[in-house]
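Trainee: Residues 5 to 410 (the working numbering) are what the sequence shown spells out, left to right.
From the three backbone atoms N, C-alpha and C, an ideal C-beta is built for every residue, glycine too.
None of these values were measured; they are calculated from a predicted model.
Have a look at the structure that comes next, please.
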Amino acid sequence: MTFDIAKVRRQFPILSEIIDGRPVHYLDNGASAQTPLAVIDAVRSYETTSRANVLRGVHRLAERATELYENARADVARFLGVEPMEIVFTGGCTAAINLVAYSYGPLLKRGDRVLISELEHHSNIVPWQLLRQRSGIELDMLPVTTDGQIDLGALSKMLTSETRLISLAHVSNVTGALLDVRKVVEAAKAVGAKVMLDGAQRAPHGPLDLKALGVDFYVFAGHKAYGPNGIGVLWARPELLDAMPPFHGGGSMIGRVTLAETTWAPPPRRFEAGTPPIGPAIGLGAACNWMAALDWTATHEHEMGLVQRVLDGLQKIDGTQILGPASLQNRYPVVSFLLDGVHPHDVAQTLDSFGVAVRAGHHCAQPLMDRFDLDGTTRVSIAPYNDNSDIDVLLTGVRHAATTLR
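Structure below.
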């Protein structure tokens, strides 16, 4: 298999830009990825030829907009290996997790337990803390190993007959560690618990087969998966969606409204109150189709080759420490590191002077930073359009930081 990196890069206009006199070396994909022409064109086409509200109109533009919107739902479903009416469009990954907490949460009772881990993004911690305040559930937290992976060895000890939901990151946004989903699902089934995965860092790296994974909920964000901002996805098993009450109330999510009572539309409409993010949903459908068209055997090999280049290069720079798996096994293209004696923000600003965009800080994962007694890290996150030059300039910048900032 060969991977045509030049062909992929040509599809991302921003990568050919010269900004402030420097080429773009974009390695902050874990925060937001860039968008290909296919996505830009899909959104532009909607906005210029089909812009109208969906579902309620009978004129031609409304019918065209509705068709595009529902086609996008089918595109996302195909990318995940599920049925279109199991897909709920939300405002983002955070919104999707909150939807589960507010709509599945009422099905839990005081004393029921939700299990998360120390390495979760805040969006997979805070909604459960709020649910605990509202309903009296208990919240348990799996520990993290010294190499930045969820310690599944503790899973059997922490699961109880009161555990109703396990909600974990499919891939860590800090360490890049890949979750052993099979082990989690098997343990959950043994106690009758449901499993939700935060797929924000996994979905940008190729199609999924959620039915084969055996999970009950899956969420991800459009802007990290080469789509527009303001769009996210919740997938859930249909029997769960049927049982869940709505989160927001308003138009489109109703069956019948009277002054006395209201009945709800069936899922997914029940969870899409008001005017949905139509253009962003259409763009996300295009992004899923763009991803599905890649050869992911070759693409993943390309991405992980770049990860190895990062790991090898950082290990040759005195005073660097990598947070997370030291090898390519059970990891995805996210690498966080420390440079002794230099604050991560200073490293990131130095890299920016070389035209390299990375992320620095706690990455919305403060419990994980507390676990390792850190203020933050510098994070490199890789996408299919990155190439060797991005990594080489990154390493040049880190070497410069190591010699000038200590």
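Return the Cβ separation of residue 220 and residue 198 in integer angstroms, given the expectation that the two are a contact with Cβ distance under 8 Å.
Mentor: Between residue 198 and residue 220 the Cβ distance is about 4 Å, and since that is below 8 Å, they are a contact.
Trainee: Going by DSSP in three states, residue 11 sits in which element: helix, strand or coil?
Mentor: If DSSP states are grouped into helix, strand and coil, residue 11 belongs with the helices.
Trainee: I need the straight-line Cα distance from residue 99 to residue 275, nearest angstrom please.
Mentor: Those two C-alpha atoms are separated by around 11 Å.
Trainee: Using the three-state DSSP reduction, which class does residue 222 fall into: helix, strand or coil?
Mentor: Three-state result, residue 222: strand.
Trainee: If you drop the 5 nearest sequence neighbours on each side, which residues of the same chain put their C-beta closer than 8 Å to that of residue 392?
Mentor: Here the set comprises 310 and 313.
Trainee: Touch check for the region 366-378 and the region 350-357: three-plus C-beta pairs under 8 Å?
Mentor: Flag = no, the region 366-378 and the region 350-357 do not touch.
Trainee: Going by C-alpha distance, which of 271, 165, 203 and 168 is nearest residue 182?
Mentor: For residue 182, the nearest C-alpha among the options comes from 203.
Trainee: Kindly indicate which three-state DSSP category residue 28 falls into: helix, strand or coil?
Mentor: Coil.
Trainee: Measure from the alpha carbon of residue 332 to the alpha carbon of each residue in 316, 323, 346 and 217, then state which is nearest.
Mentor: Closest by alpha carbon: 316.
Trainee: Whose CA, out of 105, 55, 34 and 131, lies closest to the CA of residue 279?
Mentor: Comparing Cα positions, the closest option is 55.
Trainee: Alpha carbon to alpha carbon, how far is residue 390 from residue 347?
Mentor: Going from the Cα of residue 390 to the Cα of residue 347 covers about 25 Å.
Trainee: When you compare only the Cα positions, how much space is there between residue 369 and residue 127?
Mentor: For residue 369 and residue 127, the distance between alpha carbons rounds to 9 Å.
Trainee: What are the boundary residues of the beta strand (DSSP E) that includes residue 136?
Mentor: Element bounds for residue 136: not the beta strand (DSSP E) but the alpha helix (DSSP H), 130-139.
Trainee: In the DSSP assignment, what are the bridge partners of residue 144?
Mentor: According to DSSP, which records beta bridges pairwise, residue 144 is partnered with 119.
Trainee: Is it buried or exposed for residue 421, if we count other Cβ within 10 angstroms and need 16 for buried?
Mentor: Beyond the ends of the chain as shown, which are 5 and 410, falls residue 421; an answer cannot be given.
Trainee: Residues in its own chain within less than 6 Å of residue 39 by CB, not counting five upstream and five downstream?
Mentor: Excluding residues within five positions, the ones whose Cβ falls inside 6 Å are 230.
Trainee: Please report the straight-line C-alpha distance between residue 130 and residue 247, rounded to a whole angstrom.
Mentor: Residue 130 and residue 247: Cα-Cα distance of roughly 23 Å.
Trainee: Does the contact criterion of 3 or more C-beta pairs under 8 Å hold for the region 136-146 versus the region 103-123?
Mentor: Output reads yes: the region 103-123 touches the region 136-146.
Trainee: When every heavy atom of the ligand ZN is checked, does at least one fall within less than 6 Å of the C-beta of residue 100?
Mentor: With respect to small molecules bound, the structure shown includes none, and the ligand ZN cannot be examined in it.
Trainee: With a 10 Å radius around its C-beta and 16 neighbouring C-beta atoms as the bar for buried, classify residue 153 as buried or exposed.
Mentor: Answer is buried; the Cβ neighbour count reaches 16.
Trainee: Helix, strand or coil: which one does DSSP assign to residue 301?
Mentor: The answer is helix: DSSP assigns residue 301 an H, G or I state.
Trainee: Exposed or buried, what is residue 62 when buried is set at 16 or more other beta-carbons lying within 10 Å of its beta-carbon?
Mentor: So residue 62 ends up on the exposed side.
Trainee: Look at residue 223 and residue 101 and say whether their C-beta atoms are less than 7 Å apart.
Mentor: Yes, the pair counts as a contact, with Cβ atoms nearer than the cut-off.
Trainee: Which one or two residues does DSSP pair with residue 202 in a beta bridge?
Mentor: In the DSSP output, where bridge partners are listed per residue, residue 202 has 173 and 223.
Trainee: Quick check on this structure: which residue in 74, 57, 92 and 14 has the alpha carbon closest to the alpha carbon of residue 238?
Mentor: Residue 238 has its Cα closest to that of 92, out of 74, 57, 92 and 14.
Trainee: Measure the CB-CB distance between residue 361 and residue 32 and report whether it falls below 7 Å.
Mentor: Yes, the pair counts as a contact, with Cβ atoms nearer than the cut-off.
Trainee: Examine the Cβ distances between the region 12-29 and the region 39-52 and report whether three or more of them are shorter than 8 Å.
Mentor: Segments in contact, yes.
Trainee: Of all the options 113, 86, 234 and 168, which has the alpha carbon lying nearest to the alpha carbon of residue 36?
Mentor: Considering only alpha carbons, the answer is 234.
Trainee: Quick one: what does DSSP say residue 178 is sitting in, helix, strand or coil?
Mentor: Note: residue 178 maps to coil in three-state DSSP.
Trainee: Tell me which residue opens and which closes the beta strand (DSSP E) that residue 383 is part of.
Mentor: It spans 381-385 - the beta strand (DSSP E) in which residue 383 sits, taken as one unbroken run.
Trainee: Is DSSP giving residue 256 helix, strand or coil here?
Mentor: Note: residue 256 maps to coil in three-state DSSP.
Trainee: Identify whether residue 275 lies in helix, strand or coil by the three-state DSSP scheme.
Mentor: Residue 275: helix per DSSP, three-state reduction.
Trainee: I need the straight-line Cα distance from residue 243 to residue 22, nearest angstrom please.
Mentor: About 51 Å.
Trainee: Verify the CB distance criterion: does residue 63 have a CB-CB separation below 7 Å to chain B?
Mentor: Any reference to chain B falls outside this structure, which holds one protein chain only.
Trainee: State whether the region 283-301 contacts the region 208-218, with contact taken as three or more CB pairs (one from each stretch) at a distance under 8 Å.
Mentor: Short answer: they touch.
Trainee: Comparing alpha-carbon positions, which option in 217, 84, 343 and 364 lies nearest residue 353?
Mentor: Nearest option by C-alpha distance: 364.
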